[in-house]
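Below: one structure, written as structure tokens.
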Amino acid sequence: MLPSKKYSLIAIITLATLLLGFVFSGYLTLLFLGLDTKLFTWNTYYQYYHAIGQPQVAPFVGKIKWAGYVGFGLPLLVLLVTGLVLLLKKDKRSLHGDARFATGADLSKHGMFKKTGQSIVVGSHGGKLVRLDGQQFVILAAPTRSGKGVGVVIPNLLEYGESLVVLDIKQENFDLTSGWRASQGQEIYLFNPFAEDRRTHRWNPLSYVSDDPAFRVSDLMSIAAMLYPDGAEDQKFWVSQARNAFMAFTLYLFENWDDERSSGFPGGSGTPTLGSVYRLSSGDGTDLKKYLKALSERSFLSANARSAFANMLSQADETFASILGTFKEPLNAWINPVLDKATSSNDFLLTDVRRKKMTIYIGIQPNKLAESRLIINLFFSQLINLNTKELPKSNPDLKYQCLLLMDEFTSIGKVEIIASAVSYMAGYNIRLLPIIQSMSQLDATYGREVSRTIITNHALQILYAPREQQDANDYSDMLGYTTIRKKNVTHAREKTHSFTEERRALMLPQELKAMGPDKEVFLYEGIPHPVKCDKIRYYKDRYFTSRLLPKVDVPMLKV
């Protein structure tokens, strides 16, 4: 028993003892005075004690007081002994564990039925929505076709009150929820860079590069690291050279733009884009190396730009060709005119997600997922990078939280900045809700050590019925073990009974796999016991269906 429960129990017993002593003292008063006990009522002692000052009662004062001493003393003595036993009694620990499921009272005690603008909906318990408020992260492990969209994604899009960025494969979430979020005063954007109907808002990742030459190189290096992540040991040279080539071409474009603006050139080339980087690196149809050498000799180029070009052009022809091949690999998608146009300017700013309430849907058709992997990875990488530079306490304009709801989290590959920033992102009011198919899938993408770090930094982990046996085994271990008492009967000359204690998983692997389509389990670091509850089905709940409004209109690109 917990200390707080012990003291509460003692307080209750004390009150009960005082009441018993009061009643018992009245009965003893009648006995000590030799009166008929049929006159006894619950407040007899009060009546006699109140009359002690009267002359006619004076001869009996001693007996009345003794009745009080004995009447109150005996119960208080019993209370004292009981209290000492409770205080000194050691908790009996079960031999194999005390795991159990949390109750509704446990959830209520931790405020998990309370709704706020920053609440993440995680399930339903006893007909009430269960939510997690604050800055803590949530992760959902759910196999395909297990109800993650109807149970977590859409309910949160129809309730979460602050900024939200959602990876929306198939664009169903935008169609169902953008109308309600717009009705709540949110700015709504759909970024679908491969939209077959050409309806998308625009985002230019190079627009966040500083105009100040002192910071420009650093900003470009950050983007280069996102486009050309570290690989195996034998790839280090090619990755380094690809980043150098990126630096050469982007610095050329930015410094050319600076030169045009300073000389008052009308129109000019405008803000550089990844499409313009791709086109510049493709040359003009003449010998590429000679073409790039001519670029490197332009008078407006800085020492950094000249150095980057020199590094690239000094390589042997075969090595030079391989470097250009490595450099252009992630940029080849920009031959697509829709993608090129969708990344040519900005209809929204990633730096605004904590300044105002806004929702960005990243809508990708499933058949374009592989093709869009890099651009989505770059989007989330830049979003996190830009919003983990300034703490909200240092800038009162950063007054909103931004939730990153990342369905099919591993489909965009390893987002390096999440692996490194997951431990401190919450302090910047950036919150994660990634959805994976299984823990083993996360291991395959991030490596076991990094994936364990990611999981550890998610305070609440939702588990749907697993399909893989290893996942079922892992989840069973996570839920813990309990002790069961088993009765044994021996038939010899005489029938004898004995009891043994055995260890049993709170949920066996096969029980987890058979949990069914309507149940889920989640573990929350604030509650010592796992929670077994119901999945949400938004389409069965009037609270959610009443919020299904017509989708927001999205402008069409002129390609």
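Quick note on numbering that gives the first Met the number 0: the sequence shown kicks off at 0 and runs consecutively. Yeah, the Cβ is synthetic: ideal placement off N, Cα and C, and Gly gets one too.
- C-alpha of Asp476 to C-alpha of Ala504: approximately 7 Å in a straight line.
- Rounded to the nearest whole angstrom, the C-alpha separation of Asp533 and Val164 is 26 Å.
- Membership of Phe253 in the alpha helix (DSSP H) is indicated by the continuous run 235–261.
- Taken through DSSP and simplified to helix, strand or coil, Thr481 comes out as strand.
- Looking only at Pro365, Leu34, Asp258, the smallest Cα-Cα distance to Ile411 is reached by Pro365.
- A Cβ-Cβ contact shorter than 7 Å links Arg242 with Ala223.
- For a cut-off of 8 Å, the C-beta gap from Asn203 to Ser295 is around 25 Å, too long to register as a contact.
- For Lys127, the secondary structure class from DSSP, reduced to helix, strand or coil, is strand.
- For Val120, the secondary structure class from DSSP, reduced to helix, strand or coil, is strand.
- Note that the stretch 106–126 touches the stretch 149–167; at least 3 beta-carbon pairs, one per stretch, sit closer than 8 Å.
- By the neighbour-count criterion, in which 16 or more other beta carbons inside 10 Å mark a residue as buried, Asn394 falls on the exposed side.
- Three or more beta-carbon pairs separated by less than 8 Å are not found between the stretch 166–176 and the stretch 297–315, which leaves the two stretches without contact.
- When DSSP states are grouped into helix, strand and coil, Met555 belongs to the strand group.
- Under the Cβ criterion (8 Å, minimum of three pairs), the stretch 412–432 counts as touching the stretch 122–135.
- The Cβ-Cβ distance between Ile526 and Ala101 falls below 7 Å.
- DSSP places Ala140 in the uninterrupted beta strand (DSSP E) bounded by 137–140.
- Check the Cα spacing between Leu373 and each of Tyr227, Leu30, Met111: the tightest is with Tyr227.
- For Leu300, no alpha helix (DSSP H) segment is defined, and its DSSP state is neither H nor E.
- For Glu519, the enclosing beta strand (DSSP E) starts and ends at 518–523.
- By the neighbour-count definition (other C-beta atoms within 10 Å, threshold 16), Leu14 is an exposed residue.
- Between the alpha carbons of Phe193 and Tyr360 lies a gap of roughly 13 Å.
- Between the alpha carbons of Gly70 and Val84 lies a gap of roughly 22 Å.
- Under the criterion of beta carbons closer than 8 Å, Leu75 and Thr28 do not qualify as touching, at roughly 17 Å.
- Under the three-state reduction of DSSP, Val216 is assigned to helix.
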